[in-house]
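Heads up, the sequence shown stops at 1448 in our numbering, and the numbers go up one at a time, no gaps.
Just so it is clear, CB atoms sit at the ideal spot from N, CA and C, and this is done for glycine as well.
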Amino acid sequence: MNTLKIDNLNLTYKNGYNAINGISLEIKNGMFGLLGPNGAGKSSLMKTIVGLQKPTSGSIAFNDIDVVNDTDYIKKNLGFLPQDFGVYPKVNAYDLLNHIAILKGITEKKERQNQIQNLLEKVNLWNFRDKEVQKFSGGMKQRFGVAQALLGNPKIIIVDEPTAGLDPEERNRFNTLLSDISTEVVVILSTHLVKDVKNLCSEMTIMNRGKVLKTGKPKELIKELEAKIWSKFINNEELETYKLKFNVISQQLIERQLQITIFSTVQLEGFLPIEPNLEHVYFNVLSQNS
Ligand SMILES: Nc1ncnc2c1ncn2[C@@H]1O[C@H](COP(=O)(O)OP(=O)(O)O)[C@@H](O)[C@H]1O
Ligand SMILES: [Mg+2]
């Protein structure tokens, strides 16, 4: 079992902005979802875990090794797919993986060849190994990104908003691939989409403004909301009044009628009870902390 332990982490950027505010988390093997809106601090947290930037204070340990001060261990055992991979060089998929494998310290040629072939097969890119990565579609680039992250059999894999720009089918295939891998390693998936977390992550955390707002198993978090979610169709002009009176967690137009969803621990006249789902969990946590 691998364990990543983050303790009271803080990160203040040079301009004085506090992107991480006292985050503590313990993450074990399996798929861990880091869910939060844009600007929540997800990328800041991930870049700090992988050692691209140093925290202002606090500690990060992977398998009890302090990775802030001793970056060798995490580097050796880490696969990282950043949110923005930048521009790919004009090199084919095979050669680029080979190059990255050498950088990762896989010096033995036969071992490198084996790993590259296995990984390209795993991400369904073996038939495209001679094609320039630059010319890949979005989904293929993301799958290539996973292949490079998996080189060297990492114990921890961190992927930052990997499904952005993928169509639903590609997103499913990509998420399943990650989930298959995650039985033996730590996989941290950051996303602003509840969908990505829903069926895949055994544990999740909701963060915003550099803080952890809620952590738990998706199923249990949903259970906490049982009999507490209510909905009602209202007129547009009533919305402000309802917002003042109730804890409105979301609103949507259904056939041009406005439906509001609210959180309430007591039954409300005129409202219909709703079976809670992970979207309710997410929007309820965000609205109660805004
Ligand atoms: N290098 C930086 N210097 C100053 N502020 C930054 C820097 N990088 C990110 N930020 C700010 O930190 C906040 C969190 O950003 P980020 O970690 O990218 O969030 P997320 O990945 O959840 O969208 C944002 O307000 C962003 O503008
Ligand atoms: Mg980000």
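Check: residue i C-beta below 7 Å from any heavy atom of ligand 2
i, result
"residue 1200", "yes"
"residue 1211", "no"
"residue 1433", "no"
"residue 1241", "yes"
"residue 1354", "no"
"residue 1327", "no"
"residue 1318", "yes"
Whole-angstrom distance between residue j and residue i, CA atom to CA atom
i, j, result
"residue 1255", "residue 1313", "19 Å"
"residue 1286", "residue 1251", "7 Å"
"residue 1290", "residue 1284", "13 Å"
"residue 1248", "residue 1432", "52 Å"
"residue 1436", "residue 1352", "7 Å"
"residue 1447", "residue 1338", "34 Å"
"residue 1253", "residue 1297", "19 Å"
"residue 1236", "residue 1266", "19 Å"
"residue 1319", "residue 1288", "27 Å"
"residue 1183", "residue 1195", "19 Å"
"residue 1175", "residue 1273", "42 Å"
"residue 1348", "residue 1193", "6 Å"
"residue 1439", "residue 1418", "15 Å"
"residue 1408", "residue 1362", "21 Å"
"residue 1231", "residue 1246", "27 Å"
"residue 1242", "residue 1429", "44 Å"
"residue 1415", "residue 1421", "20 Å"
"residue 1257", "residue 1263", "10 Å"
"residue 1334", "residue 1403", "42 Å"
Assigned exposure category for residue i - 16 Cβ within 10 Å defines buried
i, result
"residue 1354", "buried"
"residue 1391", "exposed"
"residue 1210", "exposed"
"residue 1376", "buried"
"residue 1385", "exposed"
"residue 1327", "exposed"
"residue 1324", "buried"
"residue 1164", "buried"
"residue 1442", "buried"
"residue 1424", "exposed"
"residue 1215", "exposed"
"residue 1336", "buried"
Check: residue i C-beta below 7 Å from any heavy atom of ligand 1
i, result
"residue 1440", "no"
"residue 1333", "no"
"residue 1194", "yes"
"residue 1191", "no"
"residue 1173", "yes"
"residue 1177", "yes"
"residue 1197", "yes"
Q: Assess, as a yes-or-no matter, whether the stretch 1356-1372 is touched by the stretch 1197-1205 under the definition of 3 or more beta carbon pairs within less than 8 Å.
A: In short, these stretches touch, since the Cβ pair count reaches three.
Q: Mind the definition here: the stretch 1298-1317 touches the stretch 1273-1281 only if three or more C-beta pairs lie below 8 Å; say whether that holds.
A: Judged by Cβ distances under 8 Å, the stretch 1298-1317 makes contact with the stretch 1273-1281, as three or more pairs qualify.
Q.
Three Cβ pairs or more, each shorter than 8 Å: is that satisfied between the stretch 1218-1226 and the stretch 1185-1196?
A. Too few Cβ pairs lie closer than 8 Å, so no.
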